[in-house]
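First residue of the sequence shown: 309, per the numbering used here; consecutive thereafter.
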Amino acid sequence: MYRELTRKGINIPNGFAVTATAYRQFMKEAGIEKQVSKTLAGLNPKNVEKVAEAGHRIRELILGAEFPQQLKQEILEAYKTLCKEYGEHTDVAVRSSATAEDLPGASFAGQQESYLNIKGEHSLLEACKKCAASLFTNRAIVYRHERGFDHFKVALSIGVQKMVRSDKAGSGVIFTIDTESGFK
Numbered sequence: 309m310y311r312e313l314t315r316k317g318i319n320i321p322n323g324f325a326v327t328a329t330a331y332r333q334f335m336k337e338a339g340i341e342k343q344v345s346k347t348l349a350g351l352n353p354k355n356v357e358k359v360a361e362a363g364h365r366i367r368e369l370i371l372g373a374e375f376p377q378q379l380k381q382e383i384l385e386a387y388k389t390l391c392k393e394y395g396e397h398t399d400v401a402v403r404s405s406a407t408a409e410d411l412p413g414a415s416f417a418g419q420q421e422s423y424l425n426i427k428g429e430h431s432l433l434e435a436c437k438k439c440a441a442s443l444f445t446n447r448a449i450v451y452r453h454e455r456g457f458d459h460f461k462v463a464l465s466i467g468v469q470k471m472v473r474s475d476k477a478g479s480g481v482i483f484t485i486d487t488e489s490g491f492k
């Protein structure tokens with residue numbers, strides 16, 4: 309869609325994606341998966357205190373973990389490419405996108421966090437980790453549990469895109485397929 313819109317002369321700021329595969333790699337290589345699984349085992353989603361404790365513990369694990377070196381380099385190289393195009397310390401939007409956001413009978417949209425006006429390499433990496441950690445907010449944990457979703461079947465991708473001045477541009481959300489029927 310991006311290519312089609314730009315061919316038609318619609319100006320869309322460049323960006324890049326950190327894939328759901330990269331998220332899974334991060335969780336596995338950082339050794340977080342087992343700890344998350346252990347933390348969530350037997351959790352009663354109706355016990356608000358225990359959900360809050362578990363969510364906090366998981367988010368802290370993710371925020372305290374290091375990205376695998378190759379993934380870190382790929383994220384930073386993509387950011388440097390944006391900076392070459394738009395200028396040093398380009399400000400970006402770091403947007404979360406769960407793999408199960410818009411399904412019939414379940415909408416995960418808006419449950420994960422996104423971050424705006426992120427500048428610099430360190431801030432970008434931290435914002436990416438915060439996006440990953442937001443997959444385990446108290447609300448998201450309970451929502452998945454209530455709808456029977458395996459916490460590890462839902463992954464997170466991250467879109468990183470040059471910020472646009474809202475007073476000089478249009479913005480919004482677009483769906484490329486009907487979320488109810490899938491294609492109609």
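C-beta atoms are modelled at their ideal positions from N, C-alpha and C, and glycine is treated no differently. In this text the structure is predicted, and so the values were computed from the model without any measurement.
Rounded distance between the beta-carbons of residue j and residue i, thought under 8 Å
{"i": "Val359", "j": "Leu351", "result": "7 Å"}
{"i": "Gln420", "j": "Ala406", "result": "6 Å"}
{"i": "Ala463", "j": "Tyr331", "result": "5 Å"}
{"i": "Ser422", "j": "Arg403", "result": "4 Å"}
{"i": "Ala401", "j": "Met335", "result": "Actually they are not in contact, since the Cβ atoms of Ala401 and Met335 sit about 23 Å apart, beyond 8 Å."}
{"i": "Phe460", "j": "Arg367", "result": "Wrong, their Cβ atoms sit about 16 Å apart, outside the cutoff."}
Bounding residues of the beta strand (DSSP E) (the contiguous stretch that carries residue i)
{"i": "Phe334", "result": "No beta strand (DSSP E) contains Phe334, which is instead part of the alpha helix (DSSP H) from 328 to 337."}
{"i": "Ile466", "result": "464 to 470"}
{"i": "Arg452", "result": "Per DSSP, Arg452 belongs to no beta strand (DSSP E); it is in the alpha helix (DSSP H), 446 to 454."}
{"i": "Asn426", "result": "One detail in the question is off: residue 426 reads as Ile in this sequence, not Asn. Unbroken beta strand (DSSP E) run through Ile426: 423 to 426."}
{"i": "Arg473", "result": "From DSSP, Arg473 is part of no beta strand (DSSP E); its letter is neither H nor E."}
Top-ranked residue by Cα proximity to residue i, from the options
{"i": "Thr398", "options": "Gly372, Glu341, Val468", "result": "Val468"}
{"i": "Cys391", "options": "Ala448, Pro321, Phe460", "result": "Pro321"}
{"i": "Asp458", "options": "Glu337, Lys336, Leu348, Gly317", "result": "Leu348"}
{"i": "Tyr394", "options": "Met335, Gly428, Lys380, Phe444", "result": "Gly428"}
{"i": "Glu396", "options": "Asn446, Ile426, Lys342", "result": "Ile426"}
{"i": "Ile466", "options": "Asn319, Lys316, Ala373, Leu424", "result": "Leu424"}
With 16 other Cβ atoms within 10 Å as the buried cut-off, status of residue i
{"i": "Val356", "result": "exposed"}
{"i": "Gly339", "result": "exposed"}
{"i": "Phe375", "result": "buried"}
{"i": "Lys438", "result": "buried"}
{"i": "Thr329", "result": "exposed"}
{"i": "Arg473", "result": "exposed"}
Element boundaries [alpha helix (DSSP H), containing residue i]
{"i": "Ser345", "result": "340 to 348"}
{"i": "Ser431", "result": "429 to 441"}
{"i": "Ala360", "result": "356 to 372"}
Cutoff 8 Å: residue i Cβ touching any chain B Cβ
{"i": "Gly372", "result": "Of the protein chains in the structure, only one exists, and it is not chain B."}
Taking contact to mean 3 or more Cβ pairs, one atom from each stretch, closer than 8 Å, check whether the stretch 386 to 395 and the stretch 316 to 330 are in contact. The stretch 386 to 395 vs the stretch 316 to 330: in contact.
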